[in-house]
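Notes follow the structure.
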Amino acid sequence: MNNNRLRIAIQKSGRLSKDCQDLLKQLGVKLNLREQRLIAHSTNMPIDVLRVRDDDIPGLVMDGVCDLGIVGENVLVEAQAERAGGTQNADVIKLSKLDFGYCRLALAWPQELGPQDKSWFEGKRIATTYPEILKQYLERENINASAVMLTGSVEVAPRAGLADAICDLVSTGATLEANGLMQGDTILESNACLIQNPNLNDSDKLALIDKLMPRLKGVRQAKE
Ligand code: PRT
Ligand code: ZN
7 MNNNRLRIAI
17 QKSGRLSKDC
27 QDLLKQLGVK
37 LNLREQRLIA
47 HSTNMPIDVL
57 RVRDDDIPGL
67 VMDGVCDLGI
77 VGENVLVEAQ
87 AERAGGTQNA
97 DVIKLSKLDF
107 GYCRLALAWP
117 QELGPQDKSW
127 FEGKRIATTY
137 PEILKQYLER
147 ENINASAVML
157 TGSVEVAPRA
167 GLADAICDLV
177 STGATLEANG
187 LMQGDTILES
197 NACLIQNPNL
207 NDSDKLALID
217 KLMPRLKGVR
227 QAKE
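For the working numbering, add 6 to where a residue sits in the sequence shown, where the first one is 1.
Written out as structure tokens, the structure reads:
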């Protein structure tokens, strides 16, 4: 990998991939993404795009392996909370919120229990992929409940007897409905965002970012 090229981490395949690729195109970054490679080199700018799992993106940017990254705030906030208090760098510069990947992290419980207030969660087990964000919320709200970490199929946890409730991402609400779950409090609202390694000091790379940022602003305004 050439160190003089600006390295941007994006999700390889998933909900953010298409929007990330479209955004790079709108910024004038020409890429050959046809090959299923980890790294795609831009043909018109000194930029390399790394295509990885979204969960790896915050760490790659915090550690300076990549200069920039595009990731959901949900994944970013969880990764920062995971590193909090440890020795690893947990800082990033949030350059811009992006206009895709919108969702909310919300609590939900079996519909048949009907509406519940916060006190219901006392002593309950809550399945989630975001245990750190959930723990922060429970502390804030003074609720004594435990987080059950699941990386997938969170919405089936109550029915499977693995948990009493869930804390999961919601966009349309169709998944909750299909699984007989009732939506409660939103813990976090999330969009995709563009992040930068805070220790980046290469003047050519910083100049390139300065050139791209007004374009990004233009792309976002055009969408309004
Ligand atoms: O393989 P990799 O680890 O990269 O991908 P992934 O499977 O972890 O993530 P992916 O592609 O599913 O999501 C990437 C990012 O998209 C998330 O981190 C969010 O920032 C954002 N996003 C936006 C969503 C949703 N909307 C969303 N609806 N991520 C997940 N969902 C899931 C949710 O977990 C639930 O299962 O969709 C279901 C709910 O959707 P509705 O429309 O039925 O409410
Ligand atoms: Zn993921």
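Backbone N, C-alpha and C fix where the C-beta goes; we use that ideal spot for every residue, glycine too. Fair warning: this is a prediction, and the values are worked out from it, not measured in the lab.
Taking 8 Å as the cut-off, the beta carbon of residue 68 is found no closer than this to the beta carbon of residue 38.
Taking C-alpha positions only, residue 40 is separated from residue 56 by approximately 14 Å. No residue range can be given for residue 35, since it is assigned to no alpha helix (DSSP H) and is classified by DSSP as neither H nor E. With a beta-carbon spacing of about 11 Å, residue 126 and residue 188 fall beyond the 8 Å limit used to define contacts. With respect to residue 222, residue 175 sits apart: the two C-beta atoms are not nearer than 8 Å. Your pair residue 101 and residue 225 does not check out as a contact, with CB atoms roughly 13 Å apart and the cut at 8 Å.
In the DSSP annotation of this structure, the continuous segment of the alpha helix (DSSP H) that includes residue 79 starts and ends at 79-89. In the structure shown, residue 190 falls within a strand segment according to DSSP collapsed to helix, strand and coil.
Any heavy atom of the ligand ZN within less than 6 Å of a residue's beta carbon puts that residue on the list, which reads 59, 60 and 61. Using a Cβ-Cβ distance cut-off of 8 Å, the stretch 124-142 and the stretch 163-174 are in contact, since at least three pairs of beta carbons, one from each stretch, lie closer than that value. In this structure, the ligand PRT has no non-hydrogen atom nearer than 7 Å to the beta-carbon of residue 29.
Residue pairing by DSSP places residue 116 opposite 187 in a beta bridge.
By the criterion of a C-beta distance shorter than 6 Å, residue 87 is surrounded in its chain by 138, once the five residues flanking it on both sides are discounted.
Taking 7 Å as the cut-off, the C-beta of residue 138 does not count as close to any heavy atom of the ligand PRT.
For residue 102, the distance from the CB to the nearest heavy atom of the ligand PRT is not below 7 Å.
Bounds of any beta strand (DSSP E) do not take in residue 209; it lies within the alpha helix (DSSP H) bounded by 209-229. Here DSSP, grouped into helix, strand and coil, assigns residue 13 to strand.
By the Cβ neighbour-count rule, residue 216 is exposed, with fewer than 16 other Cβ atoms within 10 Å of its own. Relative to the ligand PRT, residue 196 has its C-beta within less than 7 Å of a heavy atom. If you keep only unbroken beta strand (DSSP E) runs of at least 3 residues inside the stretch 92-138, you get 99-103, 109-116 and 131-134. Closest in alpha carbon position to residue 24, among 198, 160 and 85, is 198. Residue 75 has 15 and 201 as its beta-bridge partners, per DSSP. When DSSP states are grouped into helix, strand and coil, residue 54 belongs to the strand group.
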